[in-house]
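Those protein sequences? They're chains A and B, same order as listed.
For what it's worth, this note's numbering labels the leading residue of the first sequence as 9, then goes sequentially.
For what it's worth, this note's numbering labels the leading residue of the second sequence as 2, then goes sequentially.
The beta-carbon is built from N, C-alpha and C at its ideal position, and this holds for glycine as well.
It should be emphasised that the depicted structure is a prediction, and the values quoted were computed from it without experimental measurement.
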Amino acid sequence: MQTVVISPSFEAWRKSARSLLARGVPPESLLWCDDPREAPLFGAQQETAADGPVPRVPPAFLDLARTAAAHTAPQRWGVLYQILWRLTRGVQKHLLQMGTDPDVYQARQWCKAVGRDIHKMHAFVRFRQTGVDPATGREQFVAWFEPEHRIVRLATPFFERRFASMDWSILTPSECAHWDGASLVFTEGVDRSAVPDEDALEELWRTYYRSIFNPARVKVRAMQSEMPKKYWKNLPEAPLIAGLISGSQTRVEKMLATEERPAKPAPKNAYLESLARRNAAERGEEPPPREIQKNREQGAT
Amino acid sequence: MELDRKLEILADAAKYDASCASSGAARKDSRGSKGVGSTGAAGICHSYTPDGRCVSLLKVLLTNRCIYDCHYCINRRSSNVERARFTPEEVVRITLDFYKRNYIEGLFLSSGIIRNADHTMERVIEVARQLREDHQFRGYIHLKTIPEASPALIELAGRYADRISLNIELPSQQSLARLAPEKSLDRTQDAMGHIRNKILERRSAKADGPKPPPFATGQSTQMLVGADDSSDALILSRASTLYTGYGLRRVYYSGFSPIPEPSQLLPLTAPPLVREHRLYQADWLLRFYGFRVEEITTQTAPNLDLDLDPKLSWALRNRTAFPVDVNRGSREELLRVPGLGVRNVERILQARRYTRLRLADLLRLRVSMKKALAFLVAADHTPVGLESDTLRLRFLPPPKQLELQFGPPKPVQEDFLSVRSGEL
């Protein structure tokens, strides 16, 4: 049994995997370790030299491996190597088309979790404006986010495309990303205290959130399945949720108890009159003279 | 009036429009521009409110003044709701401020009808023009248009917008005449036809030929459910006509729910939201599973079964079509098996070229076994009881404890909540 120590990144795994594959080391004789603190004192190896021809794999495998590598499950390196082995040495070229295979299924599950985490980061990052760069005139924004997996590098190119004309930083506990209009730079993770507490716009955003909610249809479970509570602490609108739910019943009862309004007659408006004529013609009726039309509307109540 | 108060009124006025999609736009982004914004194939829901609906776009009306009198609508002229009006500059500023903080994907702008259709349309278009031309905004814009607006204005709206929509509101002219006297089904469908032609013109343009001006990539509409007595069969056949005849991207179904300022013509009720849910499921069957409306609803049962999803209902009515062998059945047959989704069917077709599928394989594909087991054959499974009279009972929600009482049961608090939430 051999222990392979790598840093927890797709690139590090790829380098080691290539070399192991070239030497024909089978997956069952390997233990992967991406935390140097857990590496054994003796017998650990760093794979460096990659000899022999570079193995050919379907492009879909690289996508799968790159995404799954961002997951935090410690077994991912071993499973990915196992798939790589089966694709190349095991001559199971079609392995990736077998979604029912346990290894492929496992890797896909990791990809799904990582994909969801990326999607939620795109959705729930909330920028706060910190100022305007006096030299360039560019607005500056900072956001704090706590992803579940190591997705900062996978998720941030989206923000570059979307907010190219702003300066922004997204800070997370594991890694931070910074954009200044020219390049996307990554630095070490930081503590939450590095982020400003408020943005003046957040009050207006809360007004919107409050007003777009319809108290006559409460579906708390539907909300929570898409916006789990773990994200709430970094969402400026989330503190409103409890109050909106508890107040909804009273608001609906009030609507149901409201006296029904009668229909008001049409105002004098040339456009409305032309519509009434067109509607009557489409129904094959004689257009009603204006006075009768008025009475009918009042009578309709 | 303060901006905050205006937003309160004009967001409240817009929330009855169920449409929220920000997907399907052409790929564009802000790199190399002075503005912000990007769109791609998939949209993003930036938040969710406790009504379970997503917040993707800033959804507001330009004004909630309206000369129309649609009785299901809080903004009709007979309503005493407080009125407000945004200037185009105000909407532009809120959109950009929200967008830069990553609260939204873009703007969904609609308006009450003021003065006439063209005047209203011009004001809505002006907001989109400022965003696109003055601020180089590349985010998502959805504009609500008016069937009676001139074709030239609808074309201009389509040039700035990623999606445009016209609300059909009710599935028959008869219902419209009663509840929305200014509207006409024919005019709405004619305008949809015009939009469809513009979308197709743009899409089918040859790469080397002359290019028509930009136009939205899709159109959608909304139908109210429960405001009139239309059956689900009528609603679905209207939707089907709109999909096949008018190329709509989406039909949204919006359960009519209590509004402030109710009308005498339309007394308020709290309809089961689960009906809306069943309609969406049926809509999916029409678009992605090869079902026809006549199969989903029948002459004797023109409304969908509220207890069971429409595919399961169909399967129970058509048991001779089953069981389907997961290792042999055609794509069309597999798509009709309850519990199998479109993606699962694709994965099954792919995987079975290399292996004989067993139940454990289906479990790994996350197939809904409770439904599927009764209808399909796998290498290690043959269903039993397909002809049984009690098969339907297997899928019903567990019965509540019986109480000794005569006469109709009194509704309890849970019933009310379940009716409102649609959660069974």
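Distance, residue j Cα to residue i Cα
| i | j | result |
| --- | --- | --- |
| Leu280 (chain A) | Arg28 (chain B) | 40 Å |
| Val65 (chain A) | Val368 (chain B) | 29 Å |
| Thr138 (chain A) | Asp207 (chain A) | 8 Å |
| Ala240 (chain B) | Arg74 (chain A) | 42 Å |
| Pro165 (chain A) | Asp71 (chain A) | 16 Å |
| Asn168 (chain B) | Ile178 (chain A) | 40 Å |
| Asp13 (chain B) | Lys276 (chain A) | 28 Å |
| His130 (chain A) | Leu162 (chain A) | 11 Å |
| Arg318 (chain B) | Leu360 (chain B) | 25 Å |
| Val26 (chain B) | Glu211 (chain A) | First, the residue type needs correcting, since residue 26 (chain B) is Ala and not Val in the sequence shown. About 30 Å. |
| Ile446 (chain B) | Glu83 (chain B) | Absent from the model: residue 446 (chain B). The displayed extent of chain B is 2 to 425, so no value can be given. |
| Met263 (chain A) | Asp362 (chain B) | 51 Å |
| Lys23 (chain A) | Ser17 (chain A) | 10 Å |
| Leu425 (chain B) | Arg279 (chain B) | Confidence at Leu425 (chain B) is low in this model, with a pLDDT of 36, below 50, so its placement is unreliable and no value can be given for it. |
| Tyr217 (chain A) | Gly98 (chain A) | 55 Å |
| Ser23 (chain B) | Met224 (chain B) | 19 Å |
| Leu266 (chain A) | Leu309 (chain B) | The question names Leu, but residue 266 (chain A) is Thr in the sequence shown. When rounded, the distance between both Cα atoms is 35 Å. |
| Pro204 (chain A) | Val150 (chain A) | 8 Å |
| Lys7 (chain B) | Ala192 (chain B) | 31 Å |
| Pro399 (chain B) | Asp188 (chain A) | 58 Å |
| Met231 (chain A) | Glu170 (chain B) | 26 Å |
| Leu248 (chain A) | Ile260 (chain B) | 21 Å |
| Arg169 (chain A) | Arg285 (chain A) | 51 Å |
| Ser48 (chain B) | Val226 (chain A) | 15 Å |
Cβ-Cβ distance between residue i and residue j below 8 Å
| i | j | result |
| --- | --- | --- |
| Ile45 (chain B) | Ser57 (chain B) | yes |
| Ala118 (chain B) | Ile147 (chain B) | yes |
| Ala30 (chain A) | Leu92 (chain A) | no |
| Leu110 (chain B) | Leu144 (chain B) | yes |
| Arg136 (chain A) | Asp175 (chain A) | no |
| Thr180 (chain A) | His186 (chain A) | no |
| Arg393 (chain B) | Ala375 (chain B) | no |
| Glu106 (chain B) | Tyr161 (chain B) | no |
| Arg139 (chain B) | Thr40 (chain B) | yes |
| Val378 (chain B) | Pro324 (chain B) | yes |
| Ser173 (chain A) | Lys35 (chain B) | yes |
| His157 (chain A) | Asp125 (chain A) | yes |
| Ala68 (chain A) | Leu104 (chain A) | yes |
| Phe289 (chain B) | Val343 (chain B) | yes |
| Leu38 (chain A) | Tyr113 (chain A) | no |
| Tyr247 (chain B) | Gly194 (chain B) | yes |
| Leu341 (chain B) | Ala373 (chain B) | yes |
Contacting residues, own chain, Cβ-Cβ under 6 Å from residue i (five flanking each side not counted)
| i | result |
| --- | --- |
| Arg304 (chain A) | Because the pLDDT at Arg304 (chain A) is just 45, under 50, the model does not fix this residue reliably, and the point stays unresolved. |
| Glu149 (chain B) | Ala118 |
| Val92 (chain B) | Val128 |
| Trp40 (chain A) | Val12, Trp85 and Gly86 |
| Leu366 (chain B) | Asn345 and Arg348 |
| Ala274 (chain A) | Leu280 |
| Pro303 (chain B) | Ser232 and Ala234 |
Contacting residues, own chain, Cβ-Cβ under 8 Å from residue i (five flanking each side not counted)
| i | result |
| --- | --- |
| Asn242 (chain A) | Phe132, Arg134, Trp152, Phe153 and Glu154 |
| Gly123 (chain A) | Thr75 |
| Leu209 (chain A) | Gln137 |
| Glu9 (chain B) | none |
| Tyr244 (chain B) | Val252, Leu287 and Arg288 |
Beta-carbon contacts of residue i that lie in its chain and below 7 Å, excluding the five residues immediately before and after
| i | result |
| --- | --- |
| Ser15 (chain A) | Asp42 |
| Ser176 (chain B) | Asp229 and Ser231 |
| Leu154 (chain B) | Asp119, Met122, Glu123 and Ile126 |
| Gly113 (chain B) | Leu62, Thr64, Asn65, Arg66, Cys67 and Asn76 |
| Ser79 (chain B) | Asp70 and Ser264 |
| Glu333 (chain B) | Gly291 |
| Tyr281 (chain B) | Tyr254 |
Stretch pair the region 293-303 of chain B + the region 229-238 of chain B: three plus CB contacts closer than 8 Å: yes
Touch test, the region 11-19 of chain B against the region 213-222 of chain A, Cβ-Cβ under 8 Å, three pairs minimum: yes
Stretch pair the region 250-269 of chain B + the region 36-44 of chain B: three plus CB contacts closer than 8 Å: no
Cβ contact check for the region 169-182 of chain B and the region 57-72 of chain B: 3 or more pairs under 8 Å: yes
Segment contact flag, the region 247-259 of chain B with the region 209-216 of chain B, C-beta cutoff 8 Å, min 3 pairs: no
Contiguous alpha helix (DSSP H) assignments of at least 4 residues, all confined to the region 85-131 of chain B: 89-101 and 118-130
The region 255-268 of chain A touching the region 284-294 of chain A, judged by at least three CB pairs closer than 8 Å: no
Entirely enclosed alpha helix (DSSP H) segments - the region 132-162 of chain B, minimum 4 residues: 152-161
Stretch pair the region 217-225 of chain B + the region 188-203 of chain B: three plus CB contacts closer than 8 Å: yes
Entirely enclosed alpha helix (DSSP H) segments - the region 304-358 of chain B, minimum 4 residues: 311-318, 332-336 and 343-352
Every unbroken beta strand (DSSP E) within the region 240-281 of chain A, with a cutoff of 3 residues, ordered by chain: none
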